[in-house]
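So the structure is just underneath, and the comments pick up after that.
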Ligand SMILES: NC(=O)c1ccc[n+]([C@@H]2O[C@H](COP(=O)([O-])OP(=O)(O)OC[C@H]3O[C@@H](n4cnc5c(N)ncnc54)[C@H](OP(=O)(O)O)[C@@H]3O)[C@@H](O)[C@H]2O)c1
């Protein structure tokens, strides 16, 4: 199996939250990012072959996932959605950049056909999107480097499967609290310190008024 070099890039509050409440758009928090921090984010977008978010982020935030704060080419936008559940008026279906929807064999045929009229749709997995197969397929399609911009469910599944190489965080100087407010990584979580993902701090610096931290995943040898 081959896969792209994969970097999770996320804006997180000091208490590790991605949004103000469950179900709310991260755009509310991102509006407090200054231009320098936005340039940092968009510099990464301009360098990678692909940019991925989970389908819930498309349904909640309706992002464009394009390069805007710096000069550069737009990466291919990639969204896993097991039942091909992407609104047909989603911004990522517009022609600003190439888009690949990754779905499964369980997706209703009419949704697959409707999306296929607008963008490329590929199938990986039977009931749900098989993320390992997806990464292999993307690599073969020329996506050698990939950034993942959340949300917490996709982050968890990619991390637990060992499909992530780096985590880069733009720290937002807020504490929002809330027990079910999404954090950087959701899912079931690990039960043992043997299983937790170990990281090595590679860099920390400020961009504008924001602390940036860059972490490498330590793979067990
Ligand atoms: N601060 C930030 O940087 C940031 C960035 C992004 C998002 N967010 C926030 O995060 C929240 C959304 O996060 P979320 O955790 O609810 O959802 P998410 O991670 O964005 O999307 C999860 C969805 O992806 C689809 N999917 C298909 N196959 C999958 C697989 N194998 N593993 C994981 N997901 C798969 C599923 O949707 P289907 O049912 O369609 O299959 C699943 O429900 C929003 O509030 C958004 O604003 C914040």
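Numbering (the working numbering), first residue to last: 4 to 224.
Backbone N, C-alpha and C define an ideal beta-carbon position, used for all residues, glycine too.
Which whole-angstrom value describes the C-beta separation of residue i and residue j, a residue pair presumed to lie in contact below a C-beta threshold of 8 angstroms?
i: residue 79; j: residue 104; result: Between residue 104 and residue 79 the Cβ distance is about 11 angstroms, and since that is not below 8 angstroms, they are no contact.
i: residue 47; j: residue 150; result: 6 angstroms
i: residue 122; j: residue 102; result: 4 angstroms
i: residue 173; j: residue 215; result: 6 angstroms
i: residue 131; j: residue 13; result: With a Cβ gap of about 23 angstroms, residue 131 and residue 13 do not count as contacting.
i: residue 179; j: residue 64; result: Not a contact, Cβ separation roughly 16 angstroms.
i: residue 27; j: residue 181; result: That pair is no contact at about 10 angstroms.
i: residue 76; j: residue 49; result: 6 angstroms
i: residue 177; j: residue 16; result: 5 angstroms
Keeping to the same chain, check which residues put their C-beta closer than 7 angstroms to that of residue i; ignore five residues upstream and five downstream.
i: residue 61; result: 82, 89, 93 and 95
i: residue 35; result: 175
i: residue 59; result: 154 and 156
i: residue 2; result: Nothing can be reported for residue 2: it is not among the residues displayed for the chain, which extend from 4 to 224.
i: residue 183; result: 25
i: residue 211; result: 37, 38, 39 and 40
i: residue 140; result: 125 and 127
i: residue 33; result: 14
i: residue 99; result: 67, 69 and 77
i: residue 129; result: 107, 108 and 109
Could you pull out every residue in the same chain whose Cβ sits closer than 6 angstroms to the Cβ of residue i, ignoring the five residues on either side in sequence?
i: residue 115; result: 87 and 124
i: residue 217; result: 171, 205 and 206
i: residue 97; result: none
i: residue 110; result: 86 and 87
i: residue 42; result: 72 and 73
i: residue 203; result: 219 and 221
Which residue or residues does DSSP assign as beta-bridge partners of residue i?
i: residue 206; result: 217
i: residue 83; result: 105
i: residue 10; result: 150 and 169
i: residue 188; result: Partner(s): none; residue 188 has no beta bridge.
i: residue 124; result: 104
i: residue 174; result: 15
i: residue 54; result: 80 and 150
i: residue 20; result: 186
Counting only the same chain and skipping the five closest in sequence on each side, list residues whose C-beta sits under 8 angstroms from that of residue i.
i: residue 166; result: 6, 9, 134, 135 and 138
i: residue 209; result: 215
i: residue 142; result: 5, 6 and 7
i: residue 222; result: 165
- Message: Whether or not the stretch 150 to 163 and the stretch 180 to 188 are in contact is what I'm after, with contact meaning three or more pairs of Cβ atoms, one per stretch, closer than 8 angstroms; do they touch?
- Response: Inter-segment contact for the stretch 180 to 188 and the stretch 150 to 163 is present: three or more beta-carbon pairs are separated by less than 8 angstroms.
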